[in-house]
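Going by the numbering used here, the first residue of the sequence shown is number 248, and it counts up by one from there.
What follows is a set of notes on a single structure, which appears directly below.
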Amino acid sequence: MKEINRIAIIGGVRSFSGSIIWPFIGFALYRVYGFSLDTVSIFYLIQALINVIASIGGGIVVDYLGRRNAMMLSTVLSSLALFTAYLVNLPIPIAGLILLQTFFNNIYNVSSTAIVGDIYKRADLVKAFSRQRVGINAGWALGPLIGGYMFTFYGFRMLLLVSSLIAIIPIPLVRLLPEFKGAGSILNFNVNKEFALFLISTFLTFVLVGQLGFGLLTYYNAQLHFTEFQVSILFAINGIMIVAFQDLVGRLITDFLTALKGDGSPHRFGTTSLI
248 MKEINRIAII GGVRSFSGSI IWPFIGFALY RVYGFSLDTV SIFYLIQALI NVIASIGGGI
308 VVDYLGRRNA MMLSTVLSSL ALFTAYLVNL PIPIAGLILL QTFFNNIYNV SSTAIVGDIY
368 KRADLVKAFS RQRVGINAGW ALGPLIGGYM FTFYGFRMLL LVSSLIAIIP IPLVRLLPEF
428 KGAGSILNFN VNKEFALFLI STFLTFVLVG QLGFGLLTYY NAQLHFTEFQ VSILFAINGI
488 MIVAFQDLVG RLITDFLTAL KGDGSPHRFG TTSLI
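Below, the structure is given as structure tokens:
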């Protein structure tokens with residue numbers, strides 16, 4: 248099996264595990280555990296800060312431990328955090344453990360992205376990231392559908408258990424990946440103009456994507472009286488459309504870069520990884 252296909256499968260299983268629970272976390276804190284809307288907003292603010300810290304610190308951890316080792320460790324620890332939340336089943340500890348899982352999940356994301364960049368170069372890198380996203384988006388197409396069904400008929404606590412168990416399934420595949428370590432250089436926050444534009448577009452993109460979780464689910468449930476499962480069907484349709492066009496877009500971007508004689512500025516490479 249090619250390394251990128253293995254990475255895509257790993258990403259697909261992990262995103263399936265995560266998407267079973269992630270669209271419903273804020274809604275569960277609000278409806279199941281009695282958090283106020285203000286408190287849920289604070290939860291997401293803290294989660295955003297953790298994402299930033301983990302993404303920056305993750306680079307150091309991944310360079311020190313190695314890509315494969317970081318992927319394995321973060322997978323086990325994120326699964327353990329969710330399983331502990333299932334066992335405890337108390338509002339404040341659940342919120343805290345989910346935030347802890349967020350940290351480990353970001354470490355995994357950094358390491359899985361880095362290992363693709365280590366294995367593939369230039370034009371092949373665009374195809375590789377596109378293939379990786381196919382696997383990830385396939386997981387996101389199915390996960391919310393299963394999660395919505397289970398939330399409606401079995402409750403949020405069961406989602407914690409199922410997500411924690413599925414998360415560790417790809418560990419044997421992770422062990423087969425080659426190991427790479429970075430130089431462990433000092434962090435450098437200097438970016439060129441093109442990469443700064445890419446960061447701005449990325450921020451705006453995820454501001455919109457973020458509405459697919461708590462905001463949209465709460466609106467459909469509270470105002471339009473959809474069940475969680477019915478809303479999850481809409482999430483699944485969105486994911487299926489992305490999977491259907493992901494590889495095609497990756498090939499088109501690769502052809503475009505080739506036509507430009509290898510002009511691969513960061514925001515062009517980033518386009519296919521955001522889809």
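Glycine included, each C-beta is placed from N, C-alpha and C at the ideal position.
On a predicted model such as this, the values are computed, not experimentally measured, just so you know.
Q. If you draw a straight line from the alpha carbon of residue 355 to that of residue 332, how long is it in whole angstroms?
A. 20 Å
Q) Taking the alpha helix (DSSP H) that residue 334 falls in, what are its first and last residues? A) 314-335
Q: Out of 251, 259 and 253, state which residue places its alpha-carbon closest to the alpha-carbon of residue 390.
A: Comparing alpha-carbon positions, the option among 251, 259 and 253 lying closest to residue 390 turns out to be 259.
Q: Could I get the ranges of all uninterrupted alpha helix (DSSP H) runs contained in the segment 443-485, with 4 residues as the minimum, in chain order?
A: 461-469
Q) At a cut of 8 Å, does the segment 269-282 reach the segment 445-463 through at least three beta carbon pairs? A) yes
Q: Could you give the DSSP three-state label for residue 426: helix, strand or coil?
A: coil
Q. Which class does residue 377 belong to by DSSP, given the choice of helix, strand or coil?
A. Note: residue 377 maps to helix in three-state DSSP.
Q: Thinking residue 500 and residue 357 are a contact (beta carbons under 8 Å), I'd like their distance in whole angstroms, please.
A: That belief does not hold up - the Cβ atoms of residue 500 and residue 357 are roughly 23 Å apart, past 8 Å.
Q) Using the C-alpha atoms, what's the distance from residue 422 back to residue 453? A) 31 Å
Q: Quick one: give me the first and last residue of the alpha helix (DSSP H) that residue 265 is part of.
A: 250-268
Q: Identify the continuous alpha helix (DSSP H) that holds residue 367 and give its terminal residues.
A: Careful: residue 367 lies outside any alpha helix (DSSP H) and carries neither H nor E.
(Q) Could you tell me the alpha carbon to alpha carbon distance between residue 311 and residue 304, rounded to whole angstroms? (A) 11 Å
**Q.** Exposed unless 16 or more other CB atoms sit within 10 angstroms - verdict on residue 339
**A.** exposed
Q.
With the cut-off set at 7 Å, would you say residue 386 and residue 263 are in Cβ contact?
A. yes
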